[in-house]
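Per my numbering, the very first residue in the sequence shown carries number 7; after that it's consecutive.
The structure under discussion appears below in the form of structure tokens.
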Amino acid sequence: MKPRLYFDLRDILGAPARALSAKQIFVMTASLVVALAVFDLAFYLAHLVSGSNLGVVFDVYGLFPDPSAGLADPLAGPVLILGMFGAVFVLMLGQTGVAAINVEQIRGNRFFSIKDAARFALSRARTVFLCEIAIAAFVTFIVALFMLLGLFGRIPYLGEWLYSLFVVFPLYFIALFTVFIAMIALVSIILTPAIAAADRRGETFGLILETFSTVIRQPLRWLGYTGYALVTGKIASFVYAYFAFRSVQAIVFATDLTDGGRMRKLVASALSHLPIRSDLFREALTVFPGVDWGISLLPFVRSGDSLASHVMAFMLFLIFASVIGYFLCVVASAQAYGYVVIRYHKDGYRIDEEPPIGEPTPAGTPESAVNSTPNGLPSDPA
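Next comes the structure, spelled out in structure tokens:
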């Protein structure tokens, strides 16, 4: 059964509830863990290139390193940057999988599994990657042209004249357009996965075109939907974090009745291996950035260094990662439904009337005319 769509803000309001799905949170949490592994690998590889003692570096940073850590070798910087981009790309694939689950629900397929979502996300990996590379390559090309212009500017007397005469046209307009493209590149991190999830063809050019078209033709609607998702997602993820915190407390309390406090000590020592004083933990466990009200784990920390405590620390990290994963699920769900609404308003095209993935699209029906009603208004999908 398909959800009823209104093709307005009402379709976005339920994003926090729709995202509270075990398979969506699992997909997003798994992508977070893989993204962390990619970043860790790049971080320690960068320190290896710079000649650092990896044992000492690991003792300082552990599995949750600070990306701003200093690197001695200039070649180590690009390695770390590539690792950061790789981690973001993995998160985008996770968002693609979550968005695909939502899009399939819109199409009437409520049995789109975790395996299906992972397979679909991997099938769109090349398209999403090439889309981001194309946008980044254009910005890099323009920056390279300006660098070349800087060399001409060093020509005595003539260089200053050339720079002064062309600073408004075409340099200013080119720079203005480049800044806009750079902003699209940032926007695409959360928008492109939703578009890729709704695209049946998986074409790179179509993905780029839809990303630009969505932002240019429906900027206020997209900003409104995204702002709502970010605000409600943060509040909803804090509520989820609170229940997760109380659930762990309940486990510890129940086992404490018979084990003599051993599990309590194990959990307390496991917390000492996690960076609970970091900005990431603090922001995730507060109701909203800038509001000093949230969950504090510091009173529960006790020192300890057993193998079991490290395993428990990893398990607690998975629970914490699911908090961030739920927040990203809210954003991905809102982006998926938002794109369906925006696509209807800008193109008159109804994604909700498409057959689910795996079922063929009716032959001979042009995309622009699919599921249009005689009066141009959306039909009742129910």
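Beta carbons: idealized from backbone N, C-alpha and C, even for Gly.
- Task: Look up Y178 in the DSSP assignment and say whether it is helix, strand or coil.
- Result: helix
Classify G310 as helix, strand or coil using the three-state DSSP reduction.
coil
| message | Check for me: the alpha helix (DSSP H) holding T292 runs from which residue to which? | response | It is not in any alpha helix (DSSP H) - T292 carries neither H nor E in the DSSP assignment.
*Residue closest to G159, alpha-carbon to alpha-carbon, out of F172, V347 and A340*: F172
> Of the choices F333, K271 and A338, whose alpha-carbon is the least far from that of A319?
Replying inline: K271
With a cut-off of 8 angstroms on the beta carbons, I'd call D358 and L11 a contact; round off their distance for me.
-> 6 angstroms
Can you give me the start and stop residues for the alpha helix (DSSP H) that D122 sits inside?
I120 to S129
First through last residue of the alpha helix (DSSP H) which encompasses Y61: Contrary to the premise, residue 61 reads as Gly rather than Tyr in this sequence. Taken as a continuous stretch (DSSP letters only), the alpha helix (DSSP H) holding G61 covers L60 to Y67.
Open item on the list: Using 8 angstroms for Cβ pairs, my map puts T198 next to T210. What's the rounded Cβ distance?
Closed with: About 11 angstroms separates the two Cβ atoms, so there is no contact after all.
Exercise for the section: Ignore the nearest five residues each way along the sequence and tell me which others in V63's own chain have a CB closer than 6 angstroms to its CB. Expected result: H53
Kindly give me the distance between the Cβ atoms of Q111 and L334, rounded to whole angstroms, as I take these residues to be in contact under 8 angstroms. Contact flag wrong, Cβ pair sits at about 17 angstroms.
### Query
If you follow the alpha helix (DSSP H) that N115 is part of, which residue opens it and which one closes it?
Segment: none, N115 is in no alpha helix (DSSP H) and carries neither H nor E.
Is A203 closer than 8 angstroms to V336 when the C-beta atoms are compared?
no
Looking at the unbroken alpha helix (DSSP H) that takes in Q255, where does it start and where does it end? P225 to D265
Please confirm whether V347 and Y246 have their CB atoms less than 8 angstroms apart. no
Self-check item: Contact belief for A342 with A105 at Cβ below 8 angstroms, rounded distance in angstroms
Solution: 4 angstroms
**Message:** Quick check: what's the CA-CA separation for K240 versus P22?
**Reply:** 10 angstroms
Taking Cβ to Cβ, would you say A258 is nearer than 8 angstroms to I325?
-> Checking the sequence, you will find Val at residue 258 rather than Ala. In this structure, I325 does not lie closer than 8 angstroms to V258 by Cβ.
Report task. Please look up how many angstroms separate the CB atoms of A48 and G20, rounded, as I've assumed it's under 8 angstroms. Result -> Their Cβ separation, rounded to whole angstroms, is 38 angstroms, which puts A48 and G20 out of contact at 8 angstroms.
Q) With burial defined as no fewer than 16 other Cβ atoms inside 10 Å of the residue's Cβ, what is the status of L86: buried or exposed? A) buried
Taking the alpha-carbon of I222 as reference, which of P295, F183 and A338 has the nearest alpha-carbon? F183
G212 (DSSP reduced to helix, strand or coil)
helix
Report task. Give the secondary structure of G159 by DSSP, where H, G and I count as helix, E and B as strand, and everything else as coil. Result -> coil
Whole angstroms is fine: what's the gap from D17's alpha carbon to G344's?
8 angstroms
Can you list, in chain order, the residues of its chain with a C-beta nearer than 7 angstroms to that of A276? Leave out the 5 residues immediately preceding and following it.
S315, M318, A319 and L322
Exercise. Flag G165 as yes when its Cβ comes closer than 7 angstroms to any non-hydrogen atom of the ligand MG, and as no otherwise.
Key: As far as ligands go, the structure on display features none, and thus does not contain the ligand MG.
For this session: Give me whichever residues DSSP pairs with G300 in a beta bridge.
Result: T292
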